[in-house]
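Written below as structure tokens is the structure these notes are about.
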Amino acid sequence: MGLRTASQYLESLRDGRAVFYRGERISDVTCHPLLRVAAEHTALEYRLAEEEPFRDLLVVDDPETREPISRYFHIPRSSEDLHKRGTLIETTTREGGSVVLLIKDIGSDALFALHIVAQAVDRAHGTRYLDKVKRYYEKCKREDLALAVAQTDVKGNRSLRPSQQAHPDYYVRVVRETPEGIVVRGAKAHTTNSVLSNELIVLPTRALGEQDRDYAVAFALPINHPGLKLIASPSGFEGAGTFHHPVSARHKMIESLTIFDDVLVPWDRVFLKGEWTFAGPLASTFVEFHRFTAISYKGPLLDLLVGSAALMAEYNGIARASHVQDKLARLCMYVATVKGLTQAAALNYKLVEGIAVPDPVLTNTAKYFFARNYHEAVRDVQDIAGGLLVTGPGEEDLQNPETSSFIHRYLGGKAEVAAEHRLRLMNLIRDLTASNFGGYNEVLAIHAEGSMEAQKITLLRDFDLETYRAFARRMAGLP
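So this is what it looks like as structure tokens:
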């Protein structure tokens with residue numbers, strides 16, 4: 001099929017998928033008053049591929065067929081490939097108003113991880129998973145599909161292993177095998193944009209023991225597959241109107257609780273089944289790619305926070321105040337550090353099974369630094385802006401002849417700054433930092449792509465501490 005248009009993508013979402021939102025089954029996500037906004041947002045991935053100057057970034061020739069494909073499906077083989085992938089993710093996120101599109105990047109992250117781990121499983125167990133992964137990858141690439149990934153299990157009592165839970169379905173598991181495939185049951189949480197995708201790739205969320213072998217499963221399904229149910233979260237859907245919600249009224253992501261109600265997975269779509277020693281490696285290999293995706297799409301949001309804070313400092317007439325300069329310097333260093341680490345992670349890649357993997361130490365350092373400092377950045381931006389973020393009048397009052405003149409008279413900033421312009425900038429900052437959407441972003445900063453503790457664990461696993469110990473021993477004169 002080759003590259004799809006935005007209209008073809010939107011039409012593909014009308015396939016009878018089982019989507020539920022606020023107690024209602026949604027027959028067509030592209031027509032729902034709120035979900036359609038998110039669908040139009042993700043369709044931008046396809047629109048940009050048709051437009052200049054973005055096409056050369058979003059589209060690349062397939063190395064084998066020389067046919068044009070989405071760059072997301074181009075398997076990275078070098079630092080240059082990773083750098084272009086990072087630029088691709090950052091650019092599309094910026095065009096999406098600082099909200100990542102996340103319908104091809106996360107899925108291709110999973111495909112790269114499956115290519116690597118399937119080879120290791122095949123060598124250890126004599127399986128043929130890599131052949132199936134390659135066929136599935138070719139399908140996704142050839143049909144230009146939108147992909148979601150379900151990795152995070154609901155987990156129940158987190159102090160217990162999957163097989164020790166009060167009931168066995170807190171982690172997705174294989175309940176039986178049939179001649180046609182495996183039957184799986186359970187649920188995955190935080191599945192981003194699954195209701196706007198064509199396919200769902202399911203991966204393990206953690207390392208497993210032998211007693212947990214039924215939970216060591218990876219597979220892929222069409223979103224409209226029988227038994228697959230998506231319960232969409234209302235978070236981030238605060239209101240309409242670009243005056244009060246200049247970002248979130250036009251750009252939304254949708255999270256879902258993804259239910260596997262005794263779903264039959266055909267054998268040709270099963271990529272791991274019972275090989276429990278590889279559940280952890282598959283989970284962590286996916287994360288190595290996906291955290292690079294994460295730090296690539298964080299940049300536009302940080303750019304918007306810094307730009308809004310600097311502009312508001314001017315509007316408020318305090319740009320030269322020492323405490324404001326201090327806050328702006330912190331914000332600038334925050335952005336520069338995250339972006340610098342992102343570029344370094346692409347430069348210092350490692351080659352695994354012929355695939356370029358971003359440096360895990362630098363990737364996790366960037367992700368941790370972003371998460372650890374995000375709330376402080378929000379505090380600085382809010383401090384510069386002032387209380388009108390949450391106490392300002394509405395658009396209707398600005399348009400009402402009885403109140404408009406008072407707003408224009410009293411809510412201006414510097415002499416040359418109109419009250420309406422100042423309020424619009426306030427509303428942008430409020431949308432980013434003090435709204436339902438802003439709260440959503442604050443939680444995502446901590447938990448998306450793994451918690452801060454997970455990043456520390458991953459960093460320590462890959463950081464070569466022994467080299468540093470040896471240096472200390474040598475300098476101390478120790479054997």
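Here the sequence shown is numbered in the UniProt record's numbering, starting from 1 and rising by one per residue. Beta carbons: idealized from backbone N, C-alpha and C, even for Gly. Nothing here was measured: the structure is a model prediction, and the numbers come from that model.
- Residue 376 and residue 332 have their C-alpha atoms roughly 13 Å apart.
- Below 8 Å, enough C-beta pairs join the region 113-133 and the region 348-364 to call them touching: three or more.
- Sorting 15, 145, 234 and 250 by C-alpha distance to the C-alpha of residue 241 places 250 at the top.
- Taking C-alpha positions only, residue 70 is separated from residue 220 by approximately 20 Å.
- For residue 318, same chain residues with a beta-carbon under 8 Å away, outside a window of 5 residues either side, are 324 and 384 in chain order.
- Excluding its 5 nearest sequence neighbours in each direction, residue 253 has C-beta neighbours in its own chain below 8 Å: 38, 41, 99, 100, 102, 192, 193 and 236, listed in chain order.
- DSSP links residue 201 through a beta bridge to 149 and 220.
- In this structure, residue 310 keeps its C-beta atom at 8 Å or more from the C-beta atom of residue 19.
- With 16 or more other Cβ atoms inside 10 Å of its own Cβ, residue 288 counts as buried.
- Between residue 299 and residue 338, the gap from beta carbon to beta carbon is short of 8 Å.
- Taking a contact to require three or more Cβ pairs closer than 8 Å, the region 208-224 and the region 149-163 qualify as touching.
- Following the DSSP letters along the chain, one finds residue 190 inside the beta strand (DSSP E) bounded by residues 181-192.
- According to the DSSP assignment, residue 306 belongs to the alpha helix (DSSP H) that extends over 279-315.
- Distances from the CA of residue 432 to each of 359, 308 and 146 were compared; the closest alpha carbon is that of 308.
- Judged by beta-carbon spacing, residue 369 lies beyond the 8 Å limit of residue 445, meaning their Cβ atoms are not closer than that value.
- A direct Cα-to-Cα measurement between residue 142 and residue 73 gives close to 9 Å.
- In the assembly as shown, residue 290 is a buried residue. Its beta-carbon has 16 or more other beta-carbons within 10 Å.
- Residue pairing for residue 61: DSSP places it in a beta bridge opposite 68.
- Residue 449 carries a coil assignment under DSSP once its states are collapsed to helix, strand and coil.
- Note on the region 127-175: whole beta strand (DSSP E) runs with a minimum of 3 residues are 147-150, in chain order.
- Measuring C-alpha to C-alpha distances from residue 356 to each of 363, 296 and 346 identifies 346 as the nearest.
- Assigned with DSSP and collapsed to three states, residue 252 falls in coil, not helix or strand.
- In this structure, the beta-carbon distance from residue 86 to residue 391 does not fall below 8 Å.
- In the three-state reduction of the DSSP assignment, residue 319 falls in the coil class, being assigned neither a helical nor a strand state.
- Using a Cβ distance threshold of 8 Å, residue 89 and residue 365 do not count as a contacting pair.
- Straight through space, the alpha carbons of residue 322 and residue 230 are spaced by roughly 50 Å.
- The Cβ-Cβ distance between residue 175 and residue 107 does not fall below 8 Å.
- Residue 45 holds the alpha-carbon nearest to the alpha-carbon of residue 92 among 82, 132, 45 and 315.
- Assignment of residue 212 by DSSP, reduced to helix, strand and coil, places it in the helix class.
- Taking C-beta atoms under 8 Å as the contact rule, residue 9 and residue 146 qualify, at a distance of about 6 Å.
- When Cβ pairs closer than 8 Å are counted between the two stretches, the region 46-65 is seen not to touch the region 261-268, the count staying below three.
- Linking residue 178 to residue 158 through their CA atoms gives a straight-line distance of about 31 Å.
- Shown here for residue 373: same chain residues with a beta carbon closer than 6 Å to its own, the five before and five after excluded, namely 334 in chain order.
- Here residue 267 is not near residue 213, since their CB atoms are 8 Å or more apart.
- One Cα belongs to residue 410, the other to residue 382, and the distance between them is close to 21 Å.
- For residue 273, the enclosing beta strand (DSSP E) has its first and last residue at 270-273.
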